[in-house]
Amino acid sequence: MKLIGVDIGGTFTDVVFTDTEQHVTGIHKVPTTPEDPAIGVLEGITALGATHGIPREHINHVLHGTTIATNAVLEHDGAVTGMVTTRGYRDIVHIGRHQRPQNYSIQQEIPRQDRVLVQRRHRKIVSERCIPPHGEVLIPLHEDEVRQAARELKAAGVEAIAVCFLFSYIDPSHEERAAQIIREEFPEVFVATSASGSPQFREFERFTTATMNAFIGPKVSHYVQNLETALKRQGGAATCISWALTAASRPLAWCWSGRL
């Protein structure tokens, strides 16, 4: 199998070729292109092939790692994010679990409060409630409230929305329906549900993961789409490109199947 590995760094993009049958390895390094990292990836793959005589159509698989998501979080340079959540839980992502690095200090900075992912004005509440242990519906999802929330967030210029409902890790149907309604009202928005990203109990951890996914989602999606489009233009043999990016406390992964 002939593999290419790509790692995008702040200064250079490294491309490595490995033939697992012939035990041949080739490497190439090109400057990273911050304006669009996909440009550097394509230049690196093309230069690697030319330098080491590797026909593009012989490549079976491309493995890809990038810090785009991590940088967006560290630089606080993500999307304008909104949130739709269960009535009464608007401030969970701000309050947290009452665990402070310094219990008695009134001057400490807590990132989730000083550099919030979702401004309070962009956190919308709707009526709904599923209950343990099997996700029985106590309060049906109020779909009109979801539509109104989507319209308000659209008018506010939000670019991504996290849907975070209580007990959705037991039954995600309310979140999934809310996401569908949001896309109907706001087709261009990036939507992340808490149950799809982190289906586990404890609201703060699950909601934070979902909001971070939404915060980085548009930037990562834009990059992936740009690279996908460029690779399709290149033509060549069928391949699969696997992405590994880090967001919140768990990895997010994309796999694109197309032509290299």
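The numbering used here puts the first residue of the sequence shown at 14, with every later residue one more than the last.
Where is the CB? At the ideal position from N, CA and C, for every residue including glycine.
Taking P124 as reference, the option from V233, T206, M225 with the minimal CA-CA separation is M225.
The C-beta separation of N73 from L16 comes to about 7 Å, placing the pair in contact by the 8 Å criterion.
One thing to note: T242 has its Cβ no nearer than 8 Å to the Cβ of F178. The Cβ neighbour count for A191, taken over all protein chains shown within 10 Å, is at least 16; the residue is labelled buried. The C-beta distance from I194 to E156 rounds to 6 Å, short enough to fall under 8 Å. Closest in alpha carbon position to I40, among P50, E189, T59, A51, is T59. At a cut-off of 3 residues, the continuous stretches assigned as beta strand (DSSP E) that sit fully inside the segment 38-81 are 74-79. Counting only the Cα atoms, G57 lies some 9 Å from V19. For I105, no beta strand (DSSP E) segment is defined; the enclosing uninterrupted segment is the alpha helix (DSSP H) at 105-108. In the three-state reduction of the DSSP assignment, G18 falls in the strand class, which pools E and B. According to DSSP, R142 shares a beta bridge with I152. When beta bridges are read from the DSSP output, D184 appears opposite no residue. In the DSSP assignment, G95 forms a beta bridge with I174. By the criterion of a C-beta distance shorter than 8 Å, G170 is surrounded in its chain by V93, once the five residues flanking it on both sides are discounted. With contacts defined by Cβ atoms closer than 8 Å, I81 and V202 do not form a contacting pair. Comparing alpha carbon positions, the residue from I67, V159, R142 closest to F199 is V159.
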